[in-house]
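Peer 1: Sequences listed follow chains A and B, in order. Quick note on our numbering: the first sequence kicks off at 324 and runs consecutively. Quick note on our numbering: the second sequence kicks off at 23 and runs consecutively. A virtual CB, placed ideally from N, CA and C, is assigned to each residue, including glycine.
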Amino acid sequence: MSVLHATWLEKRNSNPLSLNPYLFIWADEWNIAKPKEVRDAPLPHPFHLSIEELKNWLTTKNLLPSQCFPQTALLTLPSKSIKQKKFSIDSWSGLPLLADEPIPTQYEWWPWVIEGLALKPNDAITWLAHLPLTNQNNDFGDELLWWSHLERWILSLIAKGLWLPKVEINQCEESVGQAQWIPLISHEKERRRLEDFASRLPLVTSCGILLEEKSQDLKNKHLASHRPQENRVFVSNLLQELIDAHLRDSFTPNDKELDPLLKAWQKALGSSDGKLTLNNEELIRLSQASRNWKERISGQFQNARACLELLVPQHGKDKWRLIFSLQAEADPSLKISASTIWNTNTDFIQLGNIRVEKPGEVLLEGLGRALGIFQALEKGLENATPDSMDLEATEAFIFIRSIAKQLREIGIGVILPNSLSGGLASRLGITMQAELIQSSKNIGLGQKLSWEWKFMIGGIKLTFKELEALGRKKSPLVNYKGIWIELRPKDMENAENFCKNNPNLSLDDALRLTGSDGNTLMKLPVHHFEAGPKLQNVLERYHKQKAPEPLPAPSNFTGQLRPYQERGLGWLNFLNRFNQGACLADDMGLGKTIQVLAFIQHLKQENELNKNILLIAPTSVLTNWKREGEKFTPQLSILEHYGKDRATTISDLKKRLLKIDILITSYNLLTRDSELLEGIDWQGIIIDEAQAIKNPNAKQSKTVHRLNKKQSKKYFRIALTGTPIENKINEIWSIMHFLNPKVLGEIEFFKQRFQLPIERYGDISSQKELNVLIKPFILRRLKTDKSIISDLPEKVELNEWVNLSSEQKSLYNKTLDKALADISSSPLGQRNGKVLGLLTRLKQICNHPALLFKEANVEETFPDRSGKVQRLIELLEEILEVNDRVLIFTQFAEWGLLLQTYLQKKWQSQIPFLHGGIRKIDRQTMIDHFQNDPRGPNIFLLSLKAGGVGLNLTRASHVIHIDRWWNPAVENQATDRAYRIGQNNAVMVHKFITKGSLEEKINQMLIKKSRLAEDIIGSGEEWLGNLEIKALRELVTLDKDE
Amino acid sequence: MTHSSSSQSALSTSLGEDGLGQQSWWVAQWMELINSYRYKKRLERAWNYARQGNVISIQFEGRRVHARVQGTEKEPYKVKLWLDVLNDEDWQYVIEAMAKKAKWSAQLLAGVMPKDIENAFAASGKRLFPFKLEEVKSECTCPDKANPCKHVSAIYFLMGDRFKEDPFILFQLRGRSRQQILLDLTKQRQKLKHKQVEKISHNLYTPLPIKPDLWWSYNHNLDSDLVVITPGSGKETGIHLAGELPMAEDPQFPKSNTTFLSNLISHVETEAHKAMLRAMKANNE
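(1) Listed in chain order, which residues of the region 1069-1090 of chain A have Cβ atoms closer than 7 Å to some Cβ of chain B?
(2) Taking Gln114/B as the query, report the chain A residues whose CB atoms sit under 7 Å from its CB, ordered along the chain.
(3) I think Gln501/A touches Gly593/A, with their Cβ atoms under 8 Å apart; what is that distance to the nearest whole Å?
(4) In terms of residue numbering, what span does the alpha helix (DSSP H) encompassing Asn1155/A cover?
(5) Use the C-beta contact count for Gln625/A: other C-beta atoms within 10 angstroms, 16 or more gives buried, fewer gives exposed.
(6) Among Asp909/A, Thr916/A, Ile1241/A and Phe922/A, whose alpha-carbon lies nearest the alpha-carbon of Asn899/A?
(7) State buried or exposed for Thr988/A, treating a residue as buried only when at least 16 other CB atoms are found within 10 Å of its CB.
(8) In the DSSP assignment, what are the bridge partners of Lys489/A?
(9) Using a Cβ-Cβ distance under 8 Å, would Met298/B count as near chain A?
(10) So, are the CB atoms of Ile696/A and Ser509/A less than 8 Å apart?
(11) Distance check for Glu963/A and Leu945/A, CA to CA, integer angstroms please.
(12) Among His638/A, Lys1268/A and Pro506/A, which has the Cα closest to the Cα of Trp1288/A?
(13) Could you tell me whether the Cβ of Trp1218/A comes closer than 8 Å to any Cβ of chain B?
(14) Between the region 562-589 of chain A and chain B, which residues of the former have a C-beta closer than 9 Å to a C-beta of the latter?
(15) From this set, Gly484/A, Gly745/A and Val558/A, which residue's C-alpha is nearest Trp331/A's C-alpha?
(16) Quick one: residues in its chain with C-beta nearer than 7 Å to the C-beta of Glu1054/A, no 5 flanking neighbours on either side, listed in chain order?
(17) Distance, Cα to Cα, Ile607/A vs Gln1075/A?
(18) Any C-beta of chain A sitting closer than 8 Å to the C-beta of Val249/B?
(19) State the Cα-Cα distance for the pair Leu248/B and Ile1081/A, rounded to the nearest angstrom.
(20) Looking only at its own chain, which residues have a Cβ that is under 7 Å from the Cβ of Ala72/B, when we skip the five neighbours before and after it?
(21) Could you please give the first and the last residue of the uninterrupted alpha helix (DSSP H) stretch that includes Met1059/A?
(22) Express the C-alpha separation of Leu420/A and Asn225/B in angstroms, rounding to a whole number.
(23) Which of the residues in the region 703-720 of chain A, read from start to end, lie with their CB under 7 Å from any CB of chain B?
(24) For Trp380/A, which option in Asp1140/A, Val326/A, Ile505/A and Pro401/A has the closest C-alpha, if you only look at C-alpha atoms?
(25) State the Cα-Cα distance for the pair Pro583/A and Asn706/A, rounded to the nearest angstrom.
(26) Going along chain D, which residues have a C-beta under 8 Å from Asp272/B?
(27) Counting Cβ pairs closer than 8 Å, one from the region 244-259 of chain B and one from the region 292-301 of chain B, do we hit at least three?
(28) Identify the contact partners of Pro98/B in chain A, using a Cβ-Cβ distance below 7 Å as the criterion.
(29) Determine, for His371/A, whether the minimum Cβ-Cβ distance to residues of chain B falls below 8 Å.
(30) Find the residues of chain B that neighbour Pro401/A, judging by a C-beta separation of less than 8 Å, and give them in chain order.
(31) Measuring alpha carbon to alpha carbon, tell me which of Lys172/B, Ala145/B and Trp113/B ends up nearest Ser199/B.
(32) Using the Cβ count rule (16 or more neighbours within 10 Å means buried), how would you classify Leu1335/A?
(33) With H, G and I counted as helix, E and B as strand and the rest as coil, what does DSSP make of Gly893/A?
(34) Within 10 angstroms of the Cβ of Ser402/A, are there 16 or more other Cβ atoms? Answer buried if so, exposed if not.
(35) Check whether the region 1100-1109 of chain A touches the region 1281-1299 of chain A, taking contact to mean three or more Cβ pairs, one atom from each stretch, closer than 8 Å.
(36) Who are the Cβ neighbours of Asn354/A in its own chain at under 6 Å, not counting the five residues just before and after it?
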């Protein structure tokens, strides 16, 4: 897969007017390449796309810039050293590293020649606006996200008008100046942002230089690596170039009433090269004036800034203190006091890694500008080397209320005492203690708590009386028990109001208030919440600060729950007690089904299962539920509401429900029989593969939501899914609406409040808030979690039960009848072969009818005709969702080819199929891509014979046996391609079994006689051919629907 | 001076109120100096002369001002003005005095002419600003015997305008540039050690070792305040904050400065609007 990159090629220093800087876009694609030997000139990057390939690729992505031209550049990239057999002292050999490629132990930096497309700055701005603001595209290098964020910053600066025109004198040419547009980065926030962009800069952005005359340049450059300059210098230059290009391009000079000097300046500001030709004296005047103009609002870019720190009066004193210091821009926590600066008195000073030139001057310059805002500072600057000063209380108050903000705007650091820093903590709020009144088993959300509260400000507690007394002092800053606090009239009002109302506290409130910081109760911030032991226990488990308490499997559960599954059971039970819906979102293979079955069995054992449970799942897994239920909870009776024999009237349905515990049905049938199913009062509704209702407008989602609404209040809801729904904003609403409708509100509200800000802009604060809201209701464990790995065997075998489609069933029966008649009348010598032939045909039908008809094309109806294909798609969706990799084994090459065609079409990507017809060299390519390419394919199809032995494919953590070779040894050998040394994850082995067919029966046989099987069967399938006709008939006849 | 575009936008109005009406103290002081001159009539003539654009050029070359003024003759008259220069010893006194009070250095570094700067000069017994206009020495190639002649007087006025562009020209006329002074002040401060404490060790700058994965990875969310892009209030744009353009006016183009600014302000407004539309479009894509 190709990956797009963007690198900034800076203006050449030699002549600032001759060359533009460019945005250089290029792409690379992993490939197998021999190490390159570099001697006296840089070589072409072996993985980059040619101009034509790049253009075509950009065109398919709809990203080809309208204005661009081919360009060659030299990029310095980390490269892995690869030793050659013939070691040579005057050369190096290796390959450039690609994005996401694991970092090898031996690497060096080398320049590589790359062809790509160059965009002028203003065209770059236009092009960058098309990039997404969140990282969801696998085709893009990470740095494109950096670029799109930078673009956003530029738009914001322009929208706020934070720029000025400027004149610079060209050092090389007499009487020539440069008219520029420069961004103003004075505000503390914008400075902070510059530091962030600099510290997060992916260096591929800045590692390139432009090659003019390719051959000549290369000779001159030799092999010097281009060391990127300091990041913040790079970013501020870049910002300046882009802002300049943007404002210049759109500026139309208007000469009217201007004197010649300003006319010339204005003209140059609108011209493409910005060249300003004046006589020397005029030029100096203009540049001097423009410098003085700018100096009024913004100092020079420095590594550090002056900082004023306010200290409260010492005990018994009434003077406040203001301390001067220097603060690193990149890290405001790095500070050096003015007195140290004067003491050391050197030309530079080191703040951690940051070197500050002329620290004394930087400090004084800042103080000089601060003086323009804060007159009181003057008396602190009377001596030669000032380091601090005293302030009167009134001055301190003004400083806190208004000066601090203004100083930050012009890039002066300000530190205020904690209790007065203006944050929420310094506001008047409350502190509270609460506890559950009783330990009743049925605690509801509305449960009232016993509680006590006090007011709190600046970290100290006080009663309303004390607060009133302070208020009477009529001073905005008051000292209470040694802490200085600011009393605002609005806060006093809120406090009074709170006292008057004397509100109750419910468990619901407690859950909300403890969910995140910064919550308020009746407009007062809650600074401190202390829960009694009983309540604390509930809160911790609710907010998942503690792992859920395990609940052992109920006695009639005929399996073993692993420790994490017991915790899952405990959690389901916990939320059920609070009448809250639960979403169990464990990774595929961790056993969601048995946790839910154990939960229902638990209800039954506790005599809490009074009504029926409705379980809705995709058709393809209905059998799975039934089989697992039979296996683990034989006491629960499960009925499928499926097929022609299902109940059609409410009375019929009610009658059937009397005898059972769980009714399972598919989403399709739910929609069809919704009226019927809505007529029942369920004890709970479980939706499996809950992503099925992710789209709130889909028919099945609407049906589920309607069904949900019709239910009485006290019933449980469980959603199961293997995909990380908490990360999918567009899907979470519908599922949460099913589980706990109140949590996220109505869809329109949700869209405005969460979906738009998060999806379009990756708004982190909205995302955090959403996470807090939904966190209590989602339990997701990954098979890679440390606590899970220890519970999990390294290899987990899972049976995937699937149904046959009706076409498959009728074909199966027809084929069987015909063949059995033929076999029974055949001479003994031919029987063996005929039996095996029949088995093969039946297996093909179980895969897909197309195999029997030798169809070569994949039609639209392809997935509908085979239960296996439907289940395969569901599995693959989950696997791809979390970027896992999977091997799919089949014994039929034609089947593999059909699947390859279909899956490639469905996922629009290359999926390799390794089979006997593939040349050796191409096999190795496929394996290398899958195993080593950073963006290699996630799905790998293999034929059991060609791919079953010898290969190392440990990058896969899933293995699917889509059809079965009735010999465990052969299957295991194939599984071991992934499950072997080098594998760091548990391997999930999925074995597809079509329900009621020979596949199920042979599977049962194998399980029963597994030891025997290994001894007798050997490696082939011949043993099947020797079966007696009666045994054979039993084995292959399709079961009637249960 | 009237403000030409006061009705165009709130922005330019406030500019007129806050910016254009103010005059920096050093310009005011200079004008006061001129106005204290005895011969009022002659001054008035010179003022008109200057407004009519007879001054062809004015140049600050080191310690002297050179100007060319078009008089009645074909060739323009050459005018020279200068002040008494402080000698090195005097300057040393001034620097020592200045270094004693950090405020002066701070303001000079921040590009502000300290109001009480004269106190520093008093240490040398000299002045920065001339006390009387007579201290401004001049020569003119015109036949007029009177000194100052009207050509010289015209330059007085224009010098005031130039001080507006760069107040530190005054230092230059007294023999030192601002850069020189700042450099001297730094040296002077280094002599004055604050308190003696043991020296703090300075670790030398060592560049961070570059890790190869820094080449490729970026995994951050968009800053919350860049999510929705809003315009600032009109008063916080760069043009507004920087205020009046510190350019001497060309008498022939009295509206030049304000027009220049209002052209820029309309650029601010159209570009801000376009940027917001663009940001919104990206939102809706």
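Peer 2: Walking through what the data contain:
(1) Pro1080, Arg1083, Tyr1084, Gly1085, Asp1086, Ile1087 and Ser1088
(2) Result: empty, since nearest Cβ-Cβ is about 16 Å, beyond 7 Å.
(3) 14 Å between Cβ atoms; not a contact.
(4) Leu1151 to Asn1170
(5) buried
(6) Phe922/A
(7) buried
(8) Gln503/A
(9) yes
(10) no
(11) 8 Å
(12) Lys1268/A
(13) no
(14) His569, Leu570, Ser573, Phe574, Thr575, Pro576, Asn577, Lys579, Glu580, Leu581, Asp582, Pro583, Leu584, Leu585, Lys586, Trp588 and Gln589
(15) Val558/A
(16) Gln1014, Lys1017 and Ile1048
(17) 54 Å
(18) yes
(19) 12 Å
(20) Ala176, Phe179, Leu180 and Pro273
(21) Ile1052 to Leu1062
(22) Caution is warranted here: a pLDDT of 32 is assigned to Asn225/B, below 50, making its placement in the model unreliable, and no coordinate value can be reported.
(23) Leu704, Glu705, Asn706, Ala707, Thr708 and Pro709
(24) Val326/A
(25) 46 Å
(26) The structure shown contains no chain D; the protein chains it does contain are A and B.
(27) yes
(28) What Pro98/B touches in chain A: nothing, since even the nearest Cβ is about 16 Å away.
(29) no
(30) Pro234 and Trp237
(31) Trp113/B
(32) A caution first: Leu1335/A carries a pLDDT of 48, below 50, which makes its placement in the model unreliable, though a value can still be read off. Exposed, because fewer than 16 other Cβ atoms sit within 10 Å of the Cβ of Leu1335/A.
(33) helix
(34) buried
(35) no
(36) Phe370
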